[in-house]
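The sequence shown begins at 0 in numbering that gives the first Met the number 0 and counts up one residue at a time.
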Amino acid sequence: MKFSIAVAGKGGTGKTTLAALVVRSLRELGVRPILAVDADPNSNLADALGIAPGKPLAEIREQGSSPEGSPASGVGRARAVDDEIHRAIAEAEGFDLITMGRPEGPRCYCYVNNLLRKSLDDLSKNYAAVVLDNEAGMEHLSRRTTNNVDVLVAVMNPALPAVRAAKRVVTLCRELPIRIGRQAILVNRVGPAEAESLIAGELAGLDVERLADVPQDDELERAGAMGRDVFSVSDESPAVIAVQGVIRQLCATLSVATE
Ligand SMILES: Nc1ncnc2c1ncn2[C@@H]1O[C@H](COP(=O)(O)OP(=O)(O)OP(=O)(O)O)[C@@H](O)[C@H]1O
Ligand SMILES: [Mg+2]
C-alpha cells in the first residue's frame, strides 16, 4: 500500500528536518522507493537530504504558459509538462526528490498549476511512500497543494505560539475540502524540563492524535547548523530513534509493508 505523509506547522519548528528524518526512517525500514516533495518555495529539503535538487517545478510552470499567460493547446502541452516533471526529479539511493520552487508570479497559471497537481498525483503512484515538506503557515493548505495525504503531521515546539499554530493547522484541515486520512500532532525538540502541562492543557479538547515526542537533539542541531544532511547523524541520535519509532508505528497501523 502506498503511504503519504505531509508535515506542516509554524516556521522553524523542524518540518524540513523531520521530513528528511522520515525519509531516512522509511528507507531504513525498506519502504522503497520514496518520493520526497519539497513544497516550500524557500526550498531546503535537498540540503537536509544531502542531494542536489532538480529543476524546480515552478520553472516548468512558467514555461507551460504562453507569453499572454494563457495555456497553449491541450494534450501536447500536458505531455510536455509531464516530460518536464520527470526530468525535474533528482535521484538518490532509495529515494527521489522533486522541488516545487517559488510559486507563480502575478499572472494566472491556474491551468498549468492544475496540470502539475495531476501529474504529481500520477507520479506518486510509482512510489511506495511520498513525504511532503511544506512551507510555514497555512496558505498551502488553502491552496490545496497539500491534498490527498494519509497522514498530516502538525509539528510544534513546546512553546505556546507553536502549539497554537499547530492547533490552527488541525482546525483548518477539518474545515477545508482536502482529503487527509489522519491528522496528528508532533512535539519536536522536547527538552527534559518542558512544561508538559502547558502542551496538554492547550491540546485538551482538540481530539487529535499525538505522535511520540521527538527530543531536542544536539547532534542533529549541529548537523543542521553545519549544513550536513540527516544521514550523517548517528543511529544512536535520540531524534533519529524517536522518528524511527513514529514511522514504524504508523507503518504498522496503516499496513505499510516493511522489511
Ligand atoms: N529535534 C531537534 N533537535 C535539535 N535541533 C532540531 C531538531 N529539529 C530541528 N532542529 C533544528 O531546528 C532548526 C529548524 O529546523 P527546520 O529548518 O527543519 O525547521 P522548519 O520548520 O522546516 O523551518 P521553516 O519554517 O523555515 O521551513 C534547524 O537548525 C534544525 O537543525
Ligand atoms: Mg523547512
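Heads up, the beta-carbon is just placed ideally off N, CA and C, and yes, glycines get one too.
- Distance from the CA of Pro160 to the CA of Ala45, rounded to the nearest whole angstrom, comes to 28 Å.
- Here DSSP, grouped into helix, strand and coil, assigns Thr252 to helix.
- By the Cβ criterion, the region 71-87 is not in contact with the region 129-145, since fewer than three pairs of Cβ atoms, one from each stretch, lie closer than 8 Å.
- If you measure from each CB to the nearest heavy atom of ligand 2, the residues under 5 Å come out as Lys14, Thr15.
- Judged by DSSP secondary structure, Ala222 falls within the alpha helix (DSSP H) whose first and last residues are 217-224.
- For Ser3, there is no enclosing alpha helix (DSSP H); the residue is part of the beta strand (DSSP E) that begins and ends at 2-8.
- Between Asp121 and the set His85, Gly180, Met155, Val154, the nearest pair of CA atoms involves His85.
- Nearest neighbour of Pro32 by Cα position, chosen from Ala194, Val186, Gly93, turns out to be Gly93.
- Counting C-beta pairs closer than 8 Å gives three or more between the region 145-157 and the region 6-15, which meets the contact rule.
- A straight line joining the alpha-carbon of Gly204 with that of Val213 spans about 22 Å.
- Not one heavy atom of ligand 1 sits closer than 7 Å to the Cβ of Pro191.
- The beta carbon of Ser42 is closer than 6 Å to those of Thr98 in its chain, skipping five residues each way along the sequence.
- The beta-bridge partner set that DSSP reports for Leu34 consists of Asp95, Val129.
- By the Cβ neighbour-count rule, Met225 is exposed, with fewer than 16 other Cβ atoms within 10 Å of its own.
- Out of Leu25, Ser24, Ala87, Arg178, the CA that lies nearest to the CA of Lys54 is found in Ala87.
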